[in-house]
Amino acid sequence: MSLLLSDEQVQLREAAHDFLGERSPVARQRALRDGGDALGFDPVLWRDAADMGWTAAVFPEAVGGLDFGWQGLSAVFEECGRTLAALPLLSNVALAGGAVLALGNAEQQQRWLPSIIAGEPRFATAFEEGARHAPTRVRTQARRAGAGWVLDGEKTFVIDGVGADQYLVLARSAGADDEPDGLSLFCVPADGPGVVATGVRMVDARNTANLALHEVHVDADALLGTAGKAWPAFDQVLDRARACLAAEALGLVREVFARTIDYLGQRVQFDVPIGSFQALQHRAARLYVEIELLESAVRGAFEAIDAGSAEIGPLVSLAKARASDLCATVPNEAVQMHGGIGVTDEFDLGLFVKRARVLRQQLGDGAFHRERYARLRGF
């Protein structure tokens, strides 16, 4: 297994680095937060990102994709973490696009994937139903009604759910509340009768929504895949999205670490830079080693995804557990090393701390993924 990016993937990362550095610096995220924008991202930037091919990277050429692989997309997520760029890339490409690719029939793929690649209309995927990640704990009901289905229930923290045009809703058509068997995935228009989305702004100013479904009627062709059999494929969709979050976390902690090292070299106390103090050097060295280990875990997860390995589940959980842990450790250490200025809102470090706080929890925190890793390994 190679843990190095190919030349093409390096070029994609460099292009993303230049584009986001110019168009979406950290100051842009601060402006979005202070402006109270409900979307939490810039639609023009999103369209330009789609024009650059980021939304097409992992999809087959038959539907307008580039078939570039998930490792290439991971480089884009890393750069998003570095600049805190808010783009609906996870919700549209990794989650919704991944679900259509994994579960949709040929007609559904031809109908929806070109739109996802174009960036319009926007999709969001509704699967959580509580405060913590528990994707099989589904109480939203789907029952047959004539030739179609009726959906009833509530979903929480739908990523980029505000302003979405279509929702992919995970619902239970059979089985008990916590069982993976009996789950089905449906495409539901956001403007349909009985569909109500209420915005929930996260601590990092990103957009999520709570979604209420009351007697929502959908046609038979809204069902993706076989009724009651969605979970195995949807779990793989979640793994790809978890890996993308781990890649974003890698970019974030690298940037926080780099900014902290710069500060240690600039801040003078007792007539010397504080970076010359051995205690701070030891703490910084430990962070460097942990970040390098995270990079290896992230690379390994994406290599497994692109290879279609049977090890995708445990390797993704290994990467996401490490990412979640470092999203606590690195920003917290950075604040300590900066001192009082590290907790001021005027200083950009606080924006990284808040984004890291969300990344720790989204799609499973460290405890969730350590337990999952152990279970998948048979411990």
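Heads up, the final residue of the sequence shown is numbered 384 in this note's numbering, and it's a clean run with no missing numbers.
For every residue, glycine included, the Cβ atom is placed at its ideal position computed from N, Cα and C.
Inset, instruction - Report yes or no: do the segment 120 to 133 and the segment 85 to 105 share at least 3 C-beta pairs separated by less than 8 angstroms? - result: yes
Legend entry - Identity of the residue in 266, 259, 33, 291 nearest residue 281 by Cα: It is 266 whose Cα lies nearest to the Cα of residue 281.
Legend entry - N- and C-terminal bounds of the alpha helix (DSSP H) containing residue 310: 283 to 312
Inset, instruction - Compute the distance between the beta-carbons of residue 99 and residue 14, then report whether it is under 7 angstroms. - result: With contacts defined as CB atoms closer than 7 angstroms, residue 99 and residue 14 fail to qualify as a contacting pair.
Legend entry - Supposed close pair residue 174, residue 205 - CB separation, criterion 8 angstroms: So it is not a contact: roughly 17 angstroms between Cβ atoms.
Legend entry - residue 170 to residue 196 span [Cα, whole Å]: 7 angstroms
Legend entry - Close beta carbons around residue 145, own chain, < 6 angstroms, minus the five adjacent residues each side: 158, 176
Inset, instruction - Closer than 8 angstroms by C-beta to residue 141: which residues in its own chain qualify, once you throw out the five before and the five after it? Chain order, please. - result: Excluding sequence neighbours, residue 141 sits near 183, 184, 185, 188, 236.
Inset, instruction - Could you give the DSSP three-state label for residue 29: helix, strand or coil? - result: coil
Legend entry - Inside the segment 143 to 186 only - beta strand (DSSP E) runs reaching at least 3 residues: 146 to 150, 153 to 164, 171 to 177
Inset, instruction - Could you name the residues of the same chain whose beta carbon sits closer than 7 angstroms to that of residue 220, not counting the 5 residues immediately before and after it, in chain order? - result: 155, 157, 199
Inset, instruction - Put residue 126 into one of helix, strand or coil per three-state DSSP. - result: Residue state, collapsed to three classes: coil.
Legend entry - Spatial neighbours of residue 210 in its chain, beta-carbon cut-off 7 angstroms, leaving aside the 5 residues before and after: 37, 38, 45
Inset, instruction - Taking residue 194 as part of the alpha helix (DSSP H), name the residues at either end of that continuous run. - result: That residue, residue 194, is in no alpha helix (DSSP H); its beta strand (DSSP E) goes 188 to 194.
Legend entry - Meets three-Cβ-pair contact criterion under 8 angstroms: the segment 296 to 315 and the segment 216 to 230: no
Legend entry - Three-way DSSP call (helix, strand, coil) for residue 271 in this model: helix
Inset, instruction - Report the partner residues of residue 201 according to the DSSP bridge assignment. - result: 217
Inset, instruction - Compute the distance between the beta-carbons of residue 373 and residue 138, then report whether it is under 7 angstroms. - result: Closer than 7 angstroms, so yes.
Legend entry - Backbone secondary structure at residue 131 - three-state DSSP: strand
Inset, instruction - Would you kindly work out how many angstroms separate the C-alpha atoms of residue 73 and residue 250, rounded to a whole number? - result: Computed Cα separation, rounded: 19 angstroms.
Legend entry - Where residue 377 sits in the DSSP three-state scheme: helix
Legend entry - Segment contact flag, the segment 282 to 294 with the segment 109 to 121, C-beta cutoff 8 angstroms, min 3 pairs: no
Legend entry - Beta carbon of residue 84 nearer than 7 angstroms to that of residue 21: yes
Legend entry - Three-state secondary structure (DSSP) of residue 222: strand
Inset, instruction - Enumerate in chain order the residues of its own chain whose CB-to-CB distance from residue 253 is below 6 angstroms, with the five nearest sequence positions on each side excluded. - result: Correct list, in chain order: 82, 85, 86.
Legend entry - residue 247 to residue 56 span [Cα, whole Å]: 25 angstroms
Legend entry - First and last residue of the uninterrupted alpha helix (DSSP H) at residue 337: 317 to 343
Legend entry - Simplified DSSP state of residue 278, which is helix, strand or coil: Taken through DSSP and simplified to helix, strand or coil, residue 278 comes out as strand.
Inset, instruction - Quick one: grab the DSSP three-state call for residue 110. - result: Three-state result, residue 110: coil.
Legend entry - Helix, strand or coil at residue 255 [DSSP, three-state]: In the three-state reduction of the DSSP assignment, residue 255 falls in the helix class.
Legend entry - Beta-carbon proximity list for residue 40, same chain, < 7 angstroms, skipping 5 on both sides: none
Inset, instruction - Can you tell me which of the three DSSP states residue 206 falls into? - result: strand
Inset, instruction - Spell out the partners DSSP gives residue 228 in its beta bridges. - result: 191
Inset, instruction - Using alpha carbons as the reference points, say which of 315, 274, 368 lies closest to residue 161. - result: 368
Inset, instruction - Note down the Cα distance separating residue 112 from residue 324, rounded to an integer number of angstroms. - result: Spanning the alpha carbons of residue 112 and residue 324 requires a straight line of approximately 35 angstroms.
Inset, instruction - Assign residue 327 to one of two classes, buried (16 or more other C-beta atoms within 10 Å of its C-beta) or exposed (fewer than that). - result: Result: buried.
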